[in-house]
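Colleague: Our numbering numbers the first residue of the sequence shown as 2 and each following residue consecutively. By construction, the Cβ of each residue, glycine as well, lies at the ideal position given by its N, Cα and C atoms.
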Amino acid sequence: VLGPNGNTRPFYWCREDWPSQEMRKIYTTVLFANIYLAPLSLIVIMYARIGFTLFKTALPPGWGSGTAHREGGGHKFSMDSRQTISR
2 VLGPNGNTRP FYWCREDWPS QEMRKIYTTV LFANIYLAPL SLIVIMYARI
52 GFTLFKTALP PGWGSGTAHR EGGGHKFSMD SRQTISR
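Written out as C-alpha cells, the structure is:
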C-alpha cells in the first residue's frame with residue numbers, strides 16, 4: 002500500500018484461523034442460511050399468505066364488473082345528505 006510521501010507500507014488483514022477447510026465451509030453455509038435464506042423465506046411465505054388471503058376474499062357486489070364507476074355505484078349519499086353537506 003502506498004502511504005504518504007510515496008512510501009510503501011505493509012497491507013494487513015484479518016482472517017479466521019480454522020482448524021480445517023471443512024469447518025470454514027460449514028460456518029459459511031450456516032451464516033448464509035441465517036443471514037440470507039431464513040429472512041428471504043419468511044418474506045416469501047408472508048407475502049404468499051397475504052396474496053392468498055386477498056385472492057380468496059370476496060369482492061363487494063358490483064365491483065369487478067366495470068359498471069360501478071360508470072353508473073355512480075359505490076356512493077352511499079342520499080339526496081338529503083348531499084344537500085346537508087353542500088350548505
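Just verifying my parser: in three-state terms, what is the DSSP assignment at threonine 54?
Modeller: Translated into the one-based positions of the sequence shown, residue 54 becomes position 53. Note: threonine 54 maps to helix in three-state DSSP.
Colleague: Could you compute how far the alpha carbon of threonine 54 sits from the alpha carbon of lysine 26?
Modeller: As a position in the sequence shown, residue 54 is number 53, starting the count at 1. As a position in the sequence shown, residue 26 is number 25, starting the count at 1. Whole-angstrom Cα-Cα distance: 40 Å.
Colleague: Assuming glutamate 23 is part of the alpha helix (DSSP H), what are its boundary residues?
Modeller: What you label residue 23 is simply residue 22 of the sequence shown in a count that begins at 1. 22-33 is the span of the alpha helix (DSSP H), which, as asked, contains glutamate 23.
Colleague: Name the one or two DSSP bridge partners that leucine 60 has.
Modeller: Within the sequence shown, numbered from 1, the residue matching residue 60 stands at position 59. In the DSSP output, where bridge partners are listed per residue, leucine 60 has none listed.
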